[in-house]
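K.L.:
UniProt numbering puts the first residue of the sequence shown at 1, with every later residue one more than the last.
Here it is: the structure, laid out below.
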Amino acid sequence: MSVIGEAALSAFLELLSGKLVDSVLNSVADHRQVHQQLEQWQSILPEIKAVLNRAEEKQIKDEDEDLAYDVDDILDEFAYQQLRLKLQKPQAQASTSKVQKLIPTCCTGANFSPTSFKLNSLNTRRSRLGLSEIIFQGATSKGKKPRLRPTFLMDGAVEYVGRANEKQEMLEFLNSNNSDGVCVLSIVGMGGMGKTTLAQLVYNDPSIKDSFDHKAWVCVSDEFDAVNITKTILQSITSETCADNDLNLLQVKLKEKLSGKRFLLVLDDIWNESSTDWTILRAPFGAGTKIIVTTRLQKVSSNVNSVKAFYLDKLWHPDCLFIFVQHALKARNFDGHLQFKEVGENMVKKCNGLPLAAKAIGSLLRSVKDHNMNLPEDPCGIIPALRLSYHYLPPHLKRCFAYCSIFPKDYEFKEEEIILLWRAEGFLQPKAKSQAKGLGNQYFQDLVSRSFFQISSKDGSRFVMHDLMNDLAQLVAGEMCCRLEGEKQQKFSHRSRHSAYVSNDWCHNVKKFEAFYQMASLRTFLPLPLMVPEYWYLNLSNAVLDDLLPRLSYLRVLSLRGYEIYDLPEFFENLKHLRCLNFSSAKINSLPDSLCSLYHLETLILRNCSKLKNLPSKIGNLVSLHFLDTRGANSIERMPSGFDQLTKLQTLSNFVIGKGDGHVIRELKNLSNLRGNFCLSGLENVNGRDAREVKLNEKPGIDRLELHWSRDLENYTRKKEVEERVLDFLCPQKKLEQLIIGNYGGAKFSSWIDDSSFKNLLSLKLRNCKNCKSLPSVGRLPLLKDLSIIGFDEILSFESLPNWKEWDTCEGDEKVLKFPSLRELSIVDCPPLLGRLPTHVSSLQKLKIRTCTSLVVSISSFPSVCGLSIEGCAEVVDDCSSPVTEVSSLQTLFLSNISKFNIPADRVMLRFGNLGYFEIEGWEELESLSQHGLSLVGHRFIRVSHCPQLHSLETEEAELQPDKVSRVESLWIYDCERLLLPKVLHELTFLTVMEIYGCPGLVSFAENNLPPNLKKLRITNCENLEYLVDEKEDNKSINSTLCLLQYLNIHNCRSLMSLSSKGHKNICNQLQLLQITHCSKPSCLFSNTKLPTTLKSLKIDRCPKLECIAQEFDETACLESILIGHSGIKSLPRGLDKLIHIQEIRLTECSNLVSIEERGLLTVTTNLRAFSLDGCGNFGALPKCMVSISSLRKLCVVSLPISHHLISQMHPKFIGRLWNGDYIDSPLFKN
C-alpha cells in the first residue's frame, strides 16, 4: 500500500470527518436519504481513524485507500453545489425544494450504496484483524520504531576522501583554546552523506589524543535518554560499569571526573528537537568540553547552539569513484582492473554524489561474480537508511513528500510552485483558512531542514530532490503517483491519482496521452517542460482538449503551461473539483465563460499569456480563489467588475485599471487577505475619491508594492494635482519592505514615502517620475539598503547626471552616519563627478561605476563588497595604509576602460586572488594579465575583450610553476588581436567552456591535446586559424586521450584547412554537435576516418571547397540532423542506411551533388521527418523509395530545372496524401 494509504491516510480521514459535520454540507444534504448516509459515515470514519495506526502494520488493502478518495470526491461535490447555490439570487436559497433540485444525481442516496458498503466493510474488518481502538497520535508517537544499527568507530584500513577541508577546519577548532565554555560543532546532512564517517575521522585523529584528556562516543539515535547517555559517557571515561539511574547523581559524578579536564564528546545521530532535553544533558559540562553533534535536522543544530555547522553536500564525482573502487576492488583506481572501469563509472554516476551509495554498491559488487549486473533498487540498505528519515516525518509531511514522486529526477522546483500544488490537493488544512500559504511554507521548510529537499547548485532560488530521495518517494507513493518521461514511463494504474509527464519534444499528439484514459479518477495532470527551451511553444492535440480532459472530471490540478493554444473549448463545467489551473505562456486570446463555474478554483496562473486581453466578466464567481498570477500578461487592458467577491484572494500580481474604469479600484477595499507582491497599473485612470477607498493601509500582508501610471506623461488629460492626491491615498501599511513607483506625473512625492515610521523599508525604486523637482528625504529610512533613481529630468539623480560635479561625503563630520545599511550603489553616466566616493561604507556589497571619467575609485573603501563593476573612470587605487590581512570577499569583478590602474601587484593578488567571475574589457595598453598581478589562477569564469596589445594570459614563468593550478571553468576571449593561447592549455583540467572571437593571431587552438574536460568550444572570426589541433610531432597520446568535447562551432575562419593537422579522430570522439560555417579552405573534415559515433547534429554551410565530410557513416551512429548548404560536396558519406536515428536531411545550394544513396533512404523510413532539396541543380531524379517513407512530414523541393521530371517519378497516391495531410513547398504542386 502507498504512503497515502498508510500514515497519511489518517490525516485524510480526519479531514473527511470534519467535512461531514460542516454546515456547508448540511445545508445541501437536507434530503432525508442523503442525510442518513452522511450520519452513518460520520459515525464510522472516527472509529477507522482511531485504529489506523495499528492497521498500518496489518496492511490495510488498497481498495480502502480508494474508498477514502471516493468519499472525499462525493463530499467535495456537495460543497461545490452549496457554493453554486450561494451564488444564486436570495430567493433561490429560501426554497428547500430548489435546494434539493441542486443535488446532483451522483450524490443521491441510491448512488451512495457502493461507497457505504465499502465503508462498513472497512469498519467490520477491525475485529477480524484483531485491532482495538487507540487514540491516534501519529506515526511517530507509539509503537516500535525502526532503527539502524548503532554507529561504531571506523578502523583505518579504508582511506577517507572528499571532506578534507571540513576535517581540517574541525581539527583546527577542536585543538585550539578559543573558549571558556562548552563549544559545540554540528555536522548536518541527509542520510548517507558521510556525517558519522567525518565525525569518526576527526575523533580518531592523532592530534585529538594530545589535545584532550578524555573523549567519548555515544550513538543517540531515536531515543534521547539523558540518563542512558550520561551513563555511557561515564563508563567510557572510567571503564567501569555504572548501575545508578538517578540523573542528578550521575551528573554530579560526571562533573567531578571532568573537573579541570579537556573533554571531547561525540553525540552521533540526534533526532530529538527539544531544546529543554539538550539543556538538561549538557548541565555537567564546563570549560574545556567540546562536543560534536551529527544530525539530519537543521533545527537540532540550532537548538544545541552550534558555534559552527558543517552542511555536507554530495561528493565530487572523482571522490565518489574513489570510494567505490576502494570497496569494490580494494584499489585506488581502475589501472589494474580496466575491464570493470566502464560499468563502475556508470554505477557511480547513479550514486549522484552519495558516499554511502558508492560504498554500499562497491561492497556489493565485491561479493558477486557478475560485474555486469544492473544496479539494484536498494543496494545494501541505502533506501532503509533514508527511509528512517521518512519514518520520523509526521503524517502530513509524509503525504506532501510522497506526492513529489511525480517529479522526475533532477527536476528543479520553486517553493511557491510546490505549495500551490499541495494546496490544490488538500494537503494544507490550517485552522484558519487564511493561513494556508504560511502552513505550506512551514511544511516545505520542514522538508528542507530534514534534507528531503536541497537547494539547487545551479539556481539558489530553486530546490531539487537527491536521486535516492526521489527513489524513496516513488517507493512510498506506490500506484497513487506516476510519471511519464518521453518514451519511458512508469507502470500506470487505473488507481493512479497524481501524474506528471515530461515535455521534451514540441509535439504532443493524443498517442502520448493514451495511458491517461485508464485513470478516470486522476487528480493531477501536470506537464513538466524539462528539455524544451522556454521560448518554444508546445503543440497539443485537439483530441486532448476536446476528449481526454473532459473525461478527467476529478482533476484538482490541471496545467496547460507552454502550449500553443489559442482558443479553449467549453469543458470546464465538467471539472467541478478543480483547484489549480495553469495556463502559463499559452497563446490564449481569451478565457471561456465556463471557467467561472469553477467555484472550488483556488489558483489561476496566467503568467506570460502575452495575447490575453481580458479576464472573464463573471470572475466574481470564483469565490474560492486565493492566487491570481498575471505577471507578464502585459496585454490585459482592464480588470472586470466582481473582484469585491474574491475575499479569499491572497495573491494578486497586477490589478489593471482600464480607461473609464477608475471606480473598479474600489472593489479592492474588502480584499484584506492580500499579501506578498501587489501591483496597481493604469493609475492615470483613477481619481482621489476612488483611491481613498482602496485602503492599502489596512492590508498588512503586502510587503512589496508597485504603483504604475502610463508612460505618456505629456498627455493633456494627465493632471499633476490629481495624481498627487491618488498617491497620497495609496499609502500602504507600515511594514512594507519594497516600494516601486513608475511614471508618476505629480510634481512632488507624498510625505508618507520618507516617513521614518516605515522602519522595514529595504528597497525604494523611483522610475521616470519626470515632473518631480525634489527627491524624498530617503535618509530618514533606517533600513533602506537599495535605492534606485532613474529617469528624472529636473533633479540630480544617480544616472545620467551631466551637472553633478561633487559628492559631499561629510568626511569631517563624525556625527554623520554614512549609509550604515546600504548594500548596493550604482552611479552611471556622471562624467563631471570629481574626487572620491564616501570611504568606509562597510555594508556595501555591490558597486557599479560607469562612465564617470573624472572619478577616482578606492577599493579599500568597501571592505565587504562582493560584486564590483568599474567602467570608464579616471583611476582605480588601493589605500596602502590600510592592511589587507585576508583574502577579499570580492566574488565578481568587471574592469573596463580604466585610465589608470594604480594598485601594487602584491595587493592585487590579495584583493582579487579568488574571484568567481573576472572580466577585463577595453584596456588599450594591457600586454599580459601578470603585468598587474592578475592570472588564470583562482578564478572560475574569465572574460577578456577588446585588449589589442594583449599577447599572453600568463607569463612563461607562471606557466611553469606546478603549484599554481588554474581552476578556470569558462574562458571567453574577444577581439584581442595579438593574443596567443598558452602552450599549457591542455593542463587547464577544470576548463569546460571556451569561446574565442576575433583573434587573428591564433593559428591553432591547441598543440597535440585539447583540455581534458573541455565540453563546449566556439571559435569565430579568427582569420588565420588553420587547425583546431596542430600536432607538431608524432604524438601518440592523442590516440589514447579521451576528449570530452561535445559542442564545436567554427565560424568565419577562412584559413581553416582541417580539424587536425594529422587527421586524428580522437580529438572529437565524444562530439554531439558540429557546426562549421563560412570557412573557405577545408576540402575534407574527417579524412580516412568516420564521423564520431556520438554526433547528433551536423551543420556545414558556405564551405565551397568542401567535397568530402567523411568516407562513411559508422554503424553505431547517433546522427539525427544533417544540414549542408553552399558547399562543394558531391555525395553524402556511404552507409546512409546505418543512420537509424536520422530525422532531418536538408541540402541547400550544393551544385555538385548528383544523387543520394537510395538503399540508405529505405532504412531510415521510420524516423525521417523532413527532407529538403533547394538549389541543387545537378541532382537527378528523386529516389522512388521516397514513396515508402511513412514518417515524412515535410518535403521541400525548390529551384530544380527538372522539377517536372521529378513529379512524374512520384506516385500519385503519395502526392495526394502529402497534399491532404501535410504540405510540399513547391509551386509546381500547387499548379
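By construction, the Cβ of each residue, glycine as well, lies at the ideal position given by its N, Cα and C atoms.
Keep in mind the model is a prediction, meaning the values are calculated, not measured.
#1: Going by the CB atoms, is the gap between Leu893 and Leu868 shorter than 8 Å?
#2: Mind checking His986: buried by the 16 CB within 10 Å criterion, or exposed?
#3: With H, G and I counted as helix, E and B as strand and the rest as coil, what does DSSP make of His214?
#4: Is the separation between the beta-carbon of Ala309 and that of Ser186 shorter than 8 Å?
#5: On the three-state DSSP scale, how would you describe Pro1133?
#6: For the region 233-253 and the region 291-306, state whether three or more C-beta atom pairs, one from each stretch, are separated by less than 8 Å.
#7: Over the uninterrupted alpha helix (DSSP H) stretch that includes Ser419, give me the two end residues.
#8: Measure the C-alpha to C-alpha separation of Cys1176 and Asn1069 and round it to an integer number of angstroms.
#9: Where Gly611 and Glu637 are concerned, what is the direct C-alpha to C-alpha distance, given to the nearest angstrom?
#10: What is the DSSP secondary structure of Ala92, reduced to helix, strand or coil?
#11: DSSP has Ser945 in a bridge; who is on the other side?
#12: Between the Cα of Leu847 and the Cα atoms of Glu573, Arg836, Ile827, which residue gives the shortest distance?
#13: My understanding is that Phe572 touches Leu548, with C-beta atoms under 8 Å, so please give their C-beta distance in whole angstroms.
#14: Which whole-angstrom value is the C-beta distance of Ile920 and Val937, which I expect to be below 8 Å?
#15: With DSSP as the reference, please indicate the residues paired to Ser498 in a beta bridge.
#16: Go through its chain and collect everything with a Cβ distance to Lys253's Cβ below 7 Å, but skip five positions before and after it.
#17: Note down the Cα distance separating Glu1122 from Gln1143, rounded to an integer number of angstroms.
#18: Please tell me whether Glu412 and Phe463 are closer than 8 Å, where the distance is taken between their beta carbons.
#19: Mapping DSSP to helix, strand and coil, what is Leu129?
#20: From the DSSP output, in three-state form, read off Phe572 for me.
#21: Is it right to say Leu476 is buried, meaning 16 or more other beta carbons lie within 10 angstroms of its own, or is it exposed?
#22: Is the Cβ-Cβ distance between Val726 and Val664 less than 8 Å?
#23: Does DSSP classify Ser894 as helix, strand or coil?
#24: Given that a residue counts as buried once 16 or more other Cβ atoms are within 10 Å of its Cβ, and exposed if not, what is Leu783?
#25: Just the C-alpha distance for Leu766 and Tyr203, rounded to the nearest angstrom, thanks.
#26: Whose CA, out of Lys785, Phe990, Phe263, lies closest to the CA of Ala287?
#27: Measuring alpha carbon to alpha carbon, tell me which residue in Ile903, Phe729, Arg907, Leu890 is nearest Val856.
#28: Alpha carbon to alpha carbon, how far is Asp1174 from Glu1149? Give it in angstroms, no decimals.
#29: Between the beta-carbon of Leu606 and the beta-carbon of Asp629, is there less than 8 Å?
#30: Starting from the C-beta of Phe1171, find all residues in its chain whose C-beta is less than 6 Å away, skip the five residues before and the five after it, and write them out in chain order.
#31: Using DSSP with H/G/I as helix, E/B as strand and the rest coil, what is Glu1026?
#32: Using only the alpha-carbon positions, how far apart do Pro776 and Lys299 sit?
#33: Spatial neighbours of Val161 within its chain, please: C-beta separation below 6 Å, excluding the five flanking residues on both sides.
#34: Leaving out five residues on either side along the sequence, give the residues of the same chain with a beta carbon under 6 Å from the beta carbon of Ala905.
#35: Among His939, Ser970, Gly922, whose alpha-carbon lies nearest the alpha-carbon of Glu949?
#36: Do Glu1031 and Lys1062 have their C-beta atoms within less than 8 Å of each other?
P.N.:
Taking the structure as given:
#1: yes
#2: buried
#3: strand
#4: yes
#5: coil
#6: no
#7: Per the sequence presented here, residue 419 reads as Ile, with Ser not at that position. 415-424 is the span of the alpha helix (DSSP H), which, as asked, contains Ile419.
#8: 31 Å
#9: In the sequence as displayed, the identity of residue 611 is Lys instead of Gly. Taking the straight line joining both Cα atoms gives about 11 Å.
#10: Confidence at Ala92 is low in this model, with a pLDDT of 47, below 50, so its placement is unreliable and the value that follows should be read with caution. Correct three-state label for Ala92: helix.
#11: Glu921, Tyr974
#12: Ile827
#13: In fact, because the Cβ distance is near 14 Å, the residues do not count as touching under 8 Å.
#14: No, Ile920 and Val937 are not in contact; Cβ-Cβ is about 15 Å, not under 8 Å.
#15: Looking at the sequence provided, one finds His at residue 498 rather than Ser. The partner list for His498 (beta bridge, DSSP) reads Cys481, Thr524.
#16: Leu234
#17: Looking at the sequence provided, one finds Ile at residue 1122 rather than Glu. Each residue's Cα considered, the two are about 9 Å apart.
#18: yes
#19: Note that Leu129 has pLDDT 44, beneath the 50 cutoff, so the model's placement of it is unreliable and no number is given.
#20: helix
#21: Checking the sequence, you will find Val at residue 476 rather than Leu. When all chains shown are included, Val476 counts as buried.
#22: no
#23: The question names Ser, yet the displayed sequence has Phe at residue 894. Here Phe894 sits in strand by DSSP.
#24: exposed
#25: 57 Å
#26: Phe263
#27: Ile903
#28: 6 Å
#29: yes
#30: Ile1145, Leu1195
#31: coil
#32: 43 Å
#33: Asp319, Phe322
#34: Gly933
#35: The residue you asked about is not Glu; residue 949 is Gln in the sequence shown. The shortest C-alpha separation from Gln949 is found at Gly922.
#36: yes
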